[in-house]
Structures are given as structure tokens and as C-alpha cells.
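**Q** Under the UniProt record's numbering, the sequence shown has 142 at position 142, and the numbering climbs by one with no breaks. All C-beta atoms, glycine included, are put in the ideal place defined by N, C-alpha and C. Remember, predicted model here, so these are calculated numbers, not experimental data. My structure is below; once you've seen it, I'll send some questions.
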Amino acid sequence: MKNKMKNLIKLILLLSVSVSYSQKVSSDLNYFPKVEFNDKIVGSTIDDKGTTFEKIVLDGFDSKIPFYIIKPKNGKEGEFVILLHGLTGNKDNWVDPTTSLSEKYVKLKDSLLTHGYSVIIPDAKYHGERSYEANFASPVTFFPLQDSQKVYNLFSTTVKDIRIIMDYMQSSLGNTSTTFDVIGYSMGGMMAILLNSVDDRLNRVVVCVAPLDIQKNSKRIGMNEENAKGLDAISPNNYATVQKAPIYLLMGTKDGWYTREEAQDFFDKITIKDKSLKFYESGHYLPDEFISEVIKSVTKE
Numbered sequence: 001m002k003n004k005m006k007n008l009i010k011l012i013l014l015l016s017v018s019v020s021y022s023q024k025v026s027s028d029l030n031y032f033p034k035v036e037f038n039d040k041i042v043g044s045t046i047d048d049k050g051t052t053f054e055k056i057v058l059d060g061f062d063s064k065i066p067f068y069i070i071k072p073k074n075g076k077e078g079e080f081v082i083l084l085h086g087l088t089g090n091k092d093n094w095v096d097p098t099t100s101l102s103e104k105y106v107k108l109k110d111s112l113l114t115h116g117y118s119v120i121i122p123d124a125k126y127h128g129e130r131s132y133e134a135n136f137a138s139p140v141t142f143f144p145l146q147d148s149q150k151v152y153n154l155f156s157t158t159v160k161d162i163r164i165i166m167d168y169m170q171s172s173l174g175n176t177s178t179t180f181d182v183i184g185y186s187m188g189g190m191m192a193i194l195l196n197s198v199d200d201r202l203n204r205v206v207v208c209v210a211p212l213d214i215q216k217n218s219k220r221i222g223m224n225e226e227n228a229k230g231l232d233a234i235s236p237n238n239y240a241t242v243q244k245a246p247i248y249l250l251m252g253t254k255d256g257w258y259t260r261e262e263a264q265d266f267f268d269k270i271t272i273k274d275k276s277l278k279f280y281e282s283g284h285y286l287p288d289e290f291i292s293e294v295i296k297s298v299t300k301e
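Here it is, written out as C-alpha cells:
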């Protein structure tokens, strides 16, 4: 009886610490919803297929957010997929392929449009048209320069900005019901995990080759141990137990940014039932087959 009581007390303490820590690491991802967005459509075209392409700029958490919204003709009203790029990438990777990886991005985006989804494609903070926020320096340089504050802002602010974009889309559609799926690749996958820990509006989340341990990987690209430790609050591996929407992980067994064991451990700690983990015999660039797997995950009934 005493042993059972001791075990029960240990369990309660463990859960209390877990909940307390989850609240702590999630606190900087919260925001005050905006009443006005100061939005402006700065570009709009319709192609031969009737697909509408708009570039919109609105007020984000601490700066302007430029993003694309692409809607197929006769698409599913109010059903959006948010596409998140990787480190040093930008929103144009999803529309103008310049590398083998961005070619896969475009194929995935086009497949989503074919299935009737509208896609939302933002620039992460310090990326693309937002590079001026870091004096046009590459975000990779933040690490050897020991600028942990910029790394922290990159993740925390971008997550808030995505939430503001979701607010804007819901506001612009009025009474129309909305759903938001999220697909993130590499850094975008890390942000998808963070977003899925704090926002209840997500329908499904697909995470592709996300580096899960930000401390380890920050040191890999030049940050010292002390500054890397300071990024613990935005490390995806701390958010497994607080995932909200169904989450599907697509990872590579030969990816140098995480080990197979790290990916499996993260997956095992996810408490929701609707989850899956698939490994490809690849590195950080997944084979083309991952596209059909993403589509299957998003369209899952």
C-alpha cells in the first residue's frame, strides 16, 4: 500500500512538472489577437486554369508579414494549407523552383491545389522579403555570431505571425467555417510543432525532416553551449506531450540533423492517438514519394 502511494505521488509530481514546463515553454508563443490588420493586396493574378494568386501584406506581431494566398478555381471554400519553408528559404521556393528541393515544394503545392485546397505561404521572420529585419544577413550567421536572441525571435515571432494570418483569413471569410492544415519542411517543421502546441485551430499537421533538438543543432552550426542552452524554450523536442492536432512525421534515416532514435523518442512521447511516423532511407532531402504521403495525410478522413 505504501509503495503504491509513493508511486502515485511520484506520478502526480511528474505530471505537475510536465504541465508547468509546458506552460513555461509555450508562454512566448502567445499573442494578443489584432482588431485591425492594415492588410493590403499588393499583387493579384488569375492564370489560365482559373487559379487565383494573391500577395498580401498585413501587420504581424512586430513587423509587416508578406505572404501568398493561392486559391484553385472551384476549390474547397475555407480549407487552407499553410506551407512553411526551411532555414534560408522563402515563400518563393513554393512557386518558383530553383533547386531540387524547391522543385519538390512546387509539386507538393500544385498537388494540394489539384485537390481543391487553398494554400497560404508566408516568409518566416528574417527570410525572403523580411530579410531587411536582420540587415539582410543570412539567418545561418546568427549562430556563429552567438545572436541567440535573433534565433529565438525567428521561431517565436514567426509562430505568432502565422496565428495572425489565421486570424486574418477567418476575419476575411466572415461566417464561413475554416480549417487550417500545416505542412512544414525542416525549420518549417519545427515551427509547425511549436504552432501545434498552442493553437487549437489546426486540423492536421505534417512535419517533414524537422531537426528536433535545437541545442544540439545550434552548436553544430557555430553557437556555443551556453547560448545554445538558452534556446531550450523553443526546442521542438520539448513539445511532444502538448501536441493538439493529429500530427504525421516524415523523417529520413540518414538525416544528419537528428537521429532515428531522436525521432522515435519524440513520436513516442506524443500523447494524442492520431499520429504517425514514417522513415525514408534518405537524408534531409526526402524522395519524391513523400509528396503522396503528405497528400494522404492531409486528405485523411
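(1) Keeping to the same chain, check which residues put their C-beta closer than 6 Å to that of residue 307; ignore five residues upstream and five downstream.
(2) Taking all protein chains shown into account, decide if Arg-163 is buried (16 or more other Cβ within 10 angstroms of its Cβ) or exposed.
(3) Entirely within the stretch 41-104 and at least 3 residues each: give me those beta strand (DSSP E) ranges in chain order.
(4) If I follow the unbroken beta strand (DSSP E) through Asn-38, where does it start and stop?
(5) Can you look up Tyr-152 in the DSSP assignment and give me helix, strand or coil?
(6) Can you have a look at Tyr-126 and say buried or exposed, based on whether 16 or more other CB atoms are within 10 angstroms of its CB?
(7) Looking only at C-alpha atoms, which of Gly-78, Asn-237 and Val-207 sits nearest to Lys-269?
(8) Please look up how many angstroms separate the CB atoms of Asn-203 and Thr-179, rounded, as I've assumed it's under 8 Å.
(9) If we count the other Cβ atoms within 10 Å of its Cβ and call it buried at 16 or more, is Glu-133 buried or exposed?
(10) Give a yes or no on whether the C-beta atoms belonging to Met-191 and Leu-87 are separated by under 8 Å.
(11) Answer with buried or exposed for Lys-91, where buried requires no fewer than 16 other C-beta atoms within 10 angstroms of its C-beta.
(12) Report the start-end ranges of each beta strand (DSSP E) in the stretch 192-242 that is 3 residues or longer and not cut off at the edges.
(13) How long is the line joining the alpha carbons of Lys-275 and Ala-233, rounded to whole angstroms?
(14) Grouping DSSP H, G and I as helix and E and B as strand, with all else coil, what is Thr-271?
**A** Looking at the coordinates:
(1) Absent from the model: residue 307. The displayed extent of the chain is 1 to 301, so no value can be given.
(2) buried
(3) 52-59, 64-71 and 79-84
(4) Here Asn-38 belongs to no beta strand (DSSP E), and DSSP marks it neither H nor E.
(5) helix
(6) buried
(7) Asn-237
(8) 4 Å
(9) buried
(10) no
(11) buried
(12) 202-208
(13) 23 Å
(14) coil
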